[in-house]
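If you're matching positions, the sequence shown starts at 18 in the working numbering and goes up one per residue.
Glycine included, each C-beta is placed from N, C-alpha and C at the ideal position.
Here the structure is a predicted model, which is why all the values come from computation and not from measurement.
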Amino acid sequence: IGNVGVMRSALEACHKGWGTRVVVGVAASGQEISTRPFQLVTGRTWKGTAFGGWKSVESVPKLVSEYM
């Protein structure tokens with residue numbers, strides 16, 4: 018969603034030992050996501066993607082045409 022505070026909160030809300038947080042999308046230019054190393058060494062997983070598995074060259078034009 019682009020809000021780095023929400024991205025960090027999502028990681029911290031994951032279950033210790035096996036929680037996985039996935040971010041779809043990107044933050045604004047110049048924004049940084051930070052967290053305490055403890056959040057990651059206790060087994061939480063941090064994953065992300067810009068397009069949610071879609072191929073940018075093939076899928077973005079389709080998404081735009083469906084949106085319009």
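Quick one: what's got a C-beta closer than 6 Å to residue i's C-beta in the same chain, skipping five residues either side?
| i | result |
| --- | --- |
| Val43 | Ala67 |
| Thr62 | Thr37 |
What is the DSSP secondary structure of residue i, counted as helix, strand or coil?
| i | result |
| --- | --- |
| Val43 | coil |
| Lys64 | strand |
| Lys53 | Correcting the residue type first, residue 53 is Arg in the shown sequence and not Lys. Looking at Arg53 - three-state DSSP - the assignment turns out to be coil, as it is neither helix nor strand. |
| Phe22 | In the sequence under discussion, the amino acid at residue 22 is Gly, which differs from the Phe named in the question. If DSSP states are grouped into helix, strand and coil, Gly22 belongs with the helices. |
| Lys33 | coil |
| Lys79 | helix |
When DSSP builds the beta bridges, which residues end up paired with residue i?
| i | result |
| --- | --- |
| Arg38 | Trp63 |
Output needed for residue i: all residues of its chain with C-beta closer than 7 Å, excluding positions within five of it in sequence on either side, in chain order.
| i | result |
| --- | --- |
| Cys31 | Thr37, Arg38, Arg61 |
| Leu28 | Arg38, Thr52, Gln56, Arg61, Trp63 |
Whole angstroms are fine: how far does the CA of residue j sit from the CA of residue i?
| i | j | result |
| --- | --- | --- |
| Val74 | Ser82 | 14 Å |
| Gly65 | Val41 | 6 Å |
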